[in-house]
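Report on the following structure.
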Amino acid sequence: MPALTAAVVWSAVLAEAMRGVDGTAVVASARDGRVAAAHGPERWAAPGSTIKPFVAAILLEQGWLKPSTAVACDRKLAIGVRRFDCSHPATGAPIDTAAAIAYSCNRFFASVRGDPAALRHKLRQYGFTVDESATLPLLALGETGVRVMPRSLLGAYLKLARRGKDPRLSPVFQGLRDAVRYGTAQLAGEGVAGKTGTTVSAGGTRTHAWFAGWHPAEDAEWAVVVWTAQGSGGASAAPAGGRILAAPSGKTIRVRLREDGGVRAYALEDYVAAAAAGEAADFPAGDALKAMAVAARTFAVAHRGRHAREGFDFCDGTHCQNLTGARPAQRFEKAVEETSGEFIWHLGTVARIYYHRDCGGVTEPAHEIWGGAPAPFLTSVTDTFCGIRGRYRWRAEVKMRELAVLARSRSGRVSKVRVDGRVMGFDEFQHLTGSRVRSALFQVTRRQSGFLLEGYGDGHGAGLCQTGAAERSRQGATYHQILSFYYPGTRVGVTASGLTWSRVSSERVTLVSTRPAQDRNLLASAEAALREAERRTGWRLEGGLDVRAYPTVGAFREATGEPGWVAASTAGRTIRLAPSGGAALLHECLHVLVETRARRALPPWFREGLVLHLEGAAARAGTGSGPEAEMRREYARARRRVAELAGRYGLAAVLSWVGNGIPAEAAALLP
Numbered sequence: 000m001p002a003l004t005a006a007v008v009w010s011a012v013l014a015e016a017m018r019g020v021d022g023t024a025v026v027a028s029a030r031d032g033r034v035a036a037a038h039g040p041e042r043w044a045a046p047g048s049t050i051k052p053f054v055a056a057i058l059l060e061q062g063w064l065k066p067s068t069a070v071a072c073d074r075k076l077a078i079g080v081r082r083f084d085c086s087h088p089a090t091g092a093p094i095d096t097a098a099a100i101a102y103s104c105n106r107f108f109a110s111v112r113g114d115p116a117a118l119r120h121k122l123r124q125y126g127f128t129v130d131e132s133a134t135l136p137l138l139a140l141g142e143t144g145v146r147v148m149p150r151s152l153l154g155a156y157l158k159l160a161r162r163g164k165d166p167r168l169s170p171v172f173q174g175l176r177d178a179v180r181y182g183t184a185q186l187a188g189e190g191v192a193g194k195t196g197t198t199v200s201a202g203g204t205r206t207h208a209w210f211a212g213w214h215p216a217e218d219a220e221w222a223v224v225v226w227t228a229q230g231s232g233g234a235s236a237a238p239a240g241g242r243i244l245a246a247p248s249g250k251t252i253r254v255r256l257r258e259d260g261g262v263r264a265y266a267l268e269d270y271v272a273a274a275a276a277g278e279a280a281d282f283p284a285g286d287a288l289k290a291m292a293v294a295a296r297t298f299a300v301a302h303r304g305r306h307a308r309e310g311f312d313f314c315d316g317t318h319c320q321n322l323t324g325a326r327p328a329q330r331f332e333k334a335v336e337e338t339s340g341e342f343i344w345h346l347g348t349v350a351r352i353y354y355h356r357d358c359g360g361v362t363e364p365a366h367e368i369w370g371g372a373p374a375p376f377l378t379s380v381t382d383t384f385c386g387i388r389g390r391y392r393w394r395a396e397v398k399m400r401e402l403a404v405l406a407r408s409r410s411g412r413v414s415k416v417r418v419d420g421r422v423m424g425f426d427e428f429q430h431l432t433g434s435r436v437r438s439a440l441f442q443v444t445r446r447q448s449g450f451l452l453e454g455y456g457d458g459h460g461a462g463l464c465q466t467g468a469a470e471r472s473r474q475g476a477t478y479h480q481i482l483s484f485y486y487p488g489t490r491v492g493v494t495a496s497g498l499t500w501s502r503v504s505s506e507r508v509t510l511v512s513t514r515p516a517q518d519r520n521l522l523a524s525a526e527a528a529l530r531e532a533e534r535r536t537g538w539r540l541e542g543g544l545d546v547r548a549y550p551t552v553g554a555f556r557e558a559t560g561e562p563g564w565v566a567a568s569t570a571g572r573t574i575r576l577a578p579s580g581g582a583a584l585l586h587e588c589l590h591v592l593v594e595t596r597a598r599r600a601l602p603p604w605f606r607e608g609l610v611l612h613l614e615g616a617a618a619r620a621g622t623g624s625g626p627e628a629e630m631r632r633e634y635a636r637a638r639r640r641v642a643e644l645a646g647r648y649g650l651a652a653v654l655s656w657v658g659n660g661i662p663a664e665a666a667a668l669l670p
């Protein structure tokens, strides 16, 4: 997987979700509370109805409110000269606490009673800024006397999410789940718990909107707050929040498969390899294929969540990136590995790039195809390499009474036509005529039975031209040079500054690092660790060993999918290290030796237990609950089981089982 930090992933997710929205979004890990990314400025604002779950929680704890408390609501509410009429449907029955949160019932919260001083104090503990003069009922509605910033509101919801097992607050959490299921936050999507808020000025004008929530609803992993100018929480903020939470970790890409309609989760690098194989199936190994791997990876991150409202990130067809169903050939996996973590960057963010099959000699600016603001790295460039072996030509006959080209872009592509009296853009025209029309770069000739279209190129024409890229590679261009030509003004690298992988080799180890000078000492350490691992096992590793040193902990975690307490991992003959992972080299070298000899059916507990036994370090038993503690307990159990087997049969016999399998006699003794 690539050296992709959570900040890069989430920044791209937030930018896409907030596209065209005047507002702010912040996302954080519910596990440790760390902010992963933010979009837009911080600002003070009244929290509106997002405060209601906290008011309910505080009053439930203090006994002023009970789960069974119910209020009949006629949906009309006036406080002084201001109106706060409810927008929820008529319920036909009194509304209880959970339903009041789900429906955001103003009548319910305007009727609550409690100690205002205690309520102000508790709200401040959650992170709200509350005026000393703030009193019920306007405080309970989040309208007057209380303010909050997006990050502070996010922190408040994180504190609330951590109390999900408190039985006193069950109506609050039920209300937050129901708000998304049938209440004001329905557009936030499935599996989310959350609350919307809309504030209203004294004149009745909506001033701003909120959505705050987390995913998954039952056991929060990620939390988000969205603030939008004007609009309503349900109509503007909740959909943006849902799009953000639809990509809960950035570690997988969810793809809907044409074959059976199911959704498959891909590790990012597996997705990139499948996309490269599907989109560039005829590419040989080389720099053109590396350029495609970087382009496919960049597209995956920049456009992630294209189908979020449908419950997945991408389809597996050409609308997104065409995937191969079978395992990609080795040359595709190698291209992905050799460009691991590299993206196309523009002004510090992952660029929203496109690519296509054949430009016909000139590429097309993206805004000419899809509208929107011009992107300086998706301009029109003349590509002399595209047609160096002959331009790709196509012909198609279409049966129509009338076909007239009404407009062309600067590159000569058709942008508007009239068909049988109806004016349409090229996309609609291509859909009408099917796959016969390969590009918008064509001329029209009248025929007796209809019209003959003769054109050049294949695809929309924006960004990298695969035909031109392949030819540039054949003539010696590097993948960095190829990408720089098609995306002018961008940088290619692991970071926005263009940091790229370098390789330094010793006798048996190759170090892959973005900082070879600082990491060079890892070569000697890895050589020594490999020799020691070979001494302890009596095995010798045939061939070389790769050590990939990631520049940051976040890069390692997102690249490998490992949790925060893991500093190193092994895949095949490649050891992947976090910045603090050098101490784990012996452990990982033992893994390499075991994995290169292990039978496919050898159980994972035996592999890990054997490595721990050979290493000689005690596997620290986990205490408490949670995935880290459980994993440590499993490691400790595995080490004890292998130690028992080695004590009974001898270490040499146990080592032989790696390749031969655990004999039935020994397996029968295992608990």
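Residues in the sequence shown are numbered from 0 upward in steps of one, following numbering that gives the first Met the number 0.
The beta carbon of each residue, even a glycine, is placed where N, CA and C say it ideally should be.
Note that the structure is a prediction, hence the values are computed from the model and not measured.
Mind checking whether residue i and residue j have CB atoms under 8 Å apart?
| i | j | result |
| --- | --- | --- |
| Asp51 | Lys164 | Here the sequence assigns Lys to residue 51, which means Asp is not the residue at that position. Cβ distance not < 8 Å, so Lys51 and Lys164 don't count as in contact. |
| Val271 | Val335 | yes |
| Arg150 | Thr128 | no |
| Leu64 | Val111 | yes |
| Gly460 | Cys319 | no |
| Ala672 | Gly126 | Look at the range of the chain in this structure, 0 to 670, and you will see that residue 672 is not part of it. |
| Ala350 | Tyr478 | no |
| Tyr353 | Gly462 | yes |
| Glu594 | Ile574 | no |
| Ala45 | Glu131 | no |
| Arg176 | Ala160 | no |
| Val380 | Thr338 | no |
Just how far apart, CA to CA, sit residue i and residue j?
| i | j | result |
| --- | --- | --- |
| Gly47 | Thr198 | 5 Å |
| Gly10 | Ala37 | Per the sequence presented here, residue 10 reads as Ser, with Gly not at that position. Taking the straight line from one Cα to the other gives about 7 Å. |
| Val657 | Arg471 | 47 Å |
| Pro578 | Ser408 | 50 Å |
| His430 | Gly467 | 26 Å |
| Leu650 | Arg631 | 23 Å |
| Thr134 | Gly144 | 8 Å |
| Pro612 | Arg530 | As written in the sequence, residue 612 is His, which differs from the Pro given in the question. Cα to Cα, the separation comes out at about 17 Å. |
| Ala237 | Ala645 | 58 Å |
| Gln517 | Thr348 | 26 Å |
| Ala264 | Ile243 | 17 Å |
| Ala279 | Ala583 | 38 Å |
| Ala299 | Arg636 | 40 Å |
| Arg519 | Asp545 | 13 Å |
| Pro166 | Leu58 | 14 Å |
For residue i, does the count of other Cβ atoms within 10 angstroms reach 16, so buried, or fall short, so exposed?
| i | result |
| --- | --- |
| Arg18 | exposed |
| Trp226 | buried |
| Leu3 | Low per-residue confidence applies at Leu3: pLDDT is 41, beneath 50, and the placement is therefore not dependable enough to give any value. |
| Thr317 | exposed |
| Ala618 | Confidence at Ala618 is low in this model, with a pLDDT of 47, below 50, so the placement of that residue is unreliable and no value is reported for it. |
| Leu13 | buried |
| Pro247 | Annotation note: pLDDT 48 at Pro247 (below 50); position unreliable, coordinate value reported separately. The residue in question, Pro247, is buried, as its Cβ has 16 or more Cβ neighbours within 10 Å. |
| Ser448 | exposed |
| Trp213 | buried |
| Thr444 | exposed |
| Pro327 | buried |
| Ser103 | buried |
| Glu607 | buried |
| Arg490 | buried |
| Asn105 | buried |
| Lys398 | exposed |
| Lys75 | exposed |
| His120 | exposed |
Could you spell out the range, first to last residue, of the alpha helix (DSSP H) harbouring residue i?
| i | result |
| --- | --- |
| Gly154 | Pro149 to Ala160 |
| Trp43 | It is not in any alpha helix (DSSP H) - Trp43 carries neither H nor E in the DSSP assignment. |
| Gly658 | Leu650 to Asn659 |
| Thr297 | Asp286 to Ala301 |
Going by DSSP, what residue range makes up the beta strand (DSSP E) through residue i?
| i | result |
| --- | --- |
| Gly449 | Gly449 to Tyr455 |
| Gln442 | Phe441 to Arg446 |
| Thr569 | Ala567 to Ala570 |
| Thr573 | Thr573 to Leu576 |
| Gly424 | Arg421 to Gly424 |
For this session: Write down every uninterrupted run of the beta strand (DSSP E) in the stretch 218–277 whose length is 3 residues or greater and which is fully enclosed by it, in chain order.
Result: 221–228, 251–255 and 262–266
Problem set entry | Length-filtered (4 minimum) alpha helix (DSSP H) runs lying within the stretch 90–122 | 96–102 and 105–109
For this session: Could you tell me which uninterrupted beta strand (DSSP E) segments, each at least 3 residues in length, are contained entirely in the stretch 339–379, listed from first to last along the chain?
Result: 342–345
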